[in-house]
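**Q** In this note's numbering, the protein residues as written are 1368 to 1700. C-beta: ideal position from N, C-alpha, C; glycine also. This one's a predicted model, so the numbers in the text were calculated from it and none came from an experiment. Take this structure first; my questions come after.
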Ligand code: ACO
C-alpha cells in the first residue's frame, strides 16, 4: 500500500483527548528513585497525563474521534471505516475500534485495530487510504489511542518516566482537490529487533500466569540505548526517503510532526535532516510518549494553534517496537 500514489485523500478533520490527571516529574520522584532534572535533561519530558482506572483506551479514542468528525463537519453516519492504532487495546478482543463504534453509535461499518507500536497511526492511515481506494469508502476515522499507564512498570525508573496516556484522531476523506492531501506514506519493519522493546507476557508465547505477573512480563521492557540508536537511524532514513519520493527537499517542509519519544531523538533528526527545530511540533514536555497517539495529538495541537496553513507540507515520522517505522508527507488543503 505504500506504493499508492494519491493526492486526493485529505485529512478533513482532527481531534484529540488527553485525560485531565497530570503526573509531574516531581510526582514520579516520590514513586521511583529519579529527579525532575534527570528526566528533563535526558528526555525533555516535564509531565504526562494518566487516565483514571475506569477510563479505557476506547473511551479516549471515542472522544478524540468524535472531535475529529465534528471538525470535519461530518456526522458519524458519514464515516465508512474505523481503524484504531494501539498497543493497549481495552482487551485482546473484541477490538478497540468496535468499542469506539458502539460508544459513538456509528453504522455497521468495518472496524478493526492495527498494532505497529508507535508507528501505528501512520500505518493505519496507509491501510485506510488503501481500503478507500478499492472499496469506495469516502470517509475513514483513523485513531491512535493508548493507555500506556496500564502496561507501565511503575517500579522501573528506566521506563516509567517516559510514557503517558491519550488519543488523537483524524478523518481522512476523498477529495476532488488537486495536489493536496496524503502525497506519500512509507512503512517498514525489522523483525530481527523484536527483543529490544516489548511486552513479553499475556500473548500466546507466554499466556498469563501468576509467574508472568510476578516477573512483570505484562509491562513494557526496553533496552533504551538500543532503541535510541535505531530510532535516530530509521527515522532519518524513512523521512529522507518519503521526501525524495514526494519530490521535496528539507527546505520544502513547513512543519515536522514526529513521534514524541525523546527530545534528543528529535534534535538528532532535525540536525540530520537539516530542518530547524523551530519547524518541529514538539509537545512531549507535557504528554510524554503516548505511542500511537503521539502524532495525531501533536497534529491536532499544531492545527488548533494555527501552525498548519493551506498549502503547507507536513512531514510525519515515527518508529516503535517491532521495530517498525513509518513516514508520511501531507500537503494541507
Ligand atoms: N532517573 C535517574 N536515573 C536513571 C533513570 C531515571 N529515571 N533511568 C535510568 N537512570 C540511570 C541508569 O540507571 C544509568 O545509571 P548508571 O550509569 O549508574 O548505570 C544512567 O541513568 C544512564 O542510563 P542510560 O540508560 O544510559 O540513559 P540514557 O541517556 O540512554 O537515557 C533513555 C535513557 C531516556 C531511556 C534513552 O535511552 C531513550 O530515550 N531511549 C529511547 C526510548 C524510546 O524512545 N522508547 C520508545 C518506546 S515507545 C513504544 O514503542 C511503546
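Name the residue from 1567, 1654, 1589 and 1489 whose alpha carbon lies nearest to the alpha carbon of residue 1580.
**A** For the residues 1567, 1654, 1589 and 1489, the minimum Cα distance to residue 1580 belongs to 1567.
**Q** Check each candidate in 1595, 1675, 1532 and 1552 and name the one with the smallest Cα separation from residue 1390.
**A** Checking every option, the nearest Cα to that of residue 1390 belongs to 1532.
**Q** How far does the alpha helix (DSSP H) with residue 1449 in it extend, from its first residue to its last?
**A** Counting along the chain, residue 1449 falls outside any alpha helix (DSSP H), though it belongs to the beta strand (DSSP E) covering 1448-1452.
**Q** Going by DSSP, what residue range makes up the beta strand (DSSP E) through residue 1683?
**A** Taken as a continuous stretch (DSSP letters only), the beta strand (DSSP E) holding residue 1683 covers 1680-1687.
**Q** Rounded to whole angstroms, what is the Cα-Cα separation between residue 1487 and residue 1695?
**A** Taking the straight line from one Cα to the other gives about 12 Å.
**Q** May I ask you to list the residues that DSSP assigns as paired with residue 1378?
**A** The partner list for residue 1378 (beta bridge, DSSP) reads 1539.
**Q** From the DSSP output, in three-state form, read off residue 1368 for me.
**A** The predicted model places residue 1368 with a pLDDT of 41, which falls under 50 and marks its position as unreliable; any figure quoted below should be read in that light. If DSSP states are grouped into helix, strand and coil, residue 1368 belongs with coil.
**Q** Cβ-heavy atom distance between residue 1687 and the ligand ACO below 8 Å?
**A** Yes, the Cβ of residue 1687 comes within 8 Å of a heavy atom of the ligand ACO.
**Q** With a 10 Å radius around its C-beta and 16 neighbouring C-beta atoms as the bar for buried, classify residue 1432 as buried or exposed.
**A** By the neighbour-count rule (16 or more Cβ atoms within 10 Å), residue 1432 is buried.
**Q** Flag residue 1400 as yes when its Cβ comes closer than 8 Å to any non-hydrogen atom of the ligand ACO, and as no otherwise.
**A** Indeed, a heavy atom of the ligand ACO lies less than 8 Å from the Cβ.
**Q** Quick check: residue 1477 and residue 1447, are their CB atoms within less than 9 Å of each other?
**A** A contact, by the Cβ cut-off of 9 Å.
**Q** Using the beta-carbon count (16 or more within 10 Å), is residue 1425 buried or exposed?
**A** With 16 or more Cβ atoms within 10 Å of its Cβ, residue 1425 is classed as buried.
**Q** What did DSSP end up calling residue 1458 once you bin it into helix, strand or coil?
**A** DSSP places residue 1458 in coil when its eight states are reduced to three.
**Q** Any idea which residues DSSP pairs residue 1513 with across the strands?
**A** Bridge partners of residue 1513: 1533.
**Q** Quick one: any contact between the segment 1381-1399 and the segment 1601-1611, if contact means 3 or more CB pairs under 8 Å?
**A** The segment 1381-1399 is not in contact with the segment 1601-1611.
**Q** Got a sec: does the ligand ACO put a non-hydrogen atom nearer than 8 Å to the Cβ of residue 1605?
**A** The answer is no for residue 1605.
**Q** Which first and last residues belong to the alpha helix (DSSP H) in which residue 1554 is found?
**A** Unbroken run through residue 1554 is the beta strand (DSSP E), 1548-1556; no alpha helix (DSSP H).
**Q** State the CB to CB distance for the pair residue 1713 and residue 1585, rounded to an integer number of angstroms; the pair is presumed to be in contact (CB under 8 Å).
**A** With the chain running from 1368 to 1700 in the structure shown, residue 1713 is simply not present.
**Q** Can you check which of these residues, 1617, 1414, 1598 and 1387, is closest to residue 1693 by C-alpha distance?
**A** Measuring from the Cα of residue 1693, the nearest candidate turns out to be 1598.
**Q** Closest by CA to residue 1379, which one among 1492, 1463 and 1467?
**A** Residue 1492 is the option with its Cα nearest to residue 1379.
**Q** For residue 1370, is the classification buried or exposed, using 16 other Cβ atoms within 10 angstroms of its Cβ as the cut-off for buried?
**A** Low confidence applies to residue 1370: its pLDDT is 42, below 50, so where it sits in the model is not reliable, and the reading given next is rough at best. Classification of residue 1370: exposed, given that the 10 Å Cβ count is below 16.
**Q** Is any beta-carbon of chain B found at less than 9 Å from that of residue 1513?
**A** Looking at the structure shown, chain B is missing, and only one protein chain is on hand.
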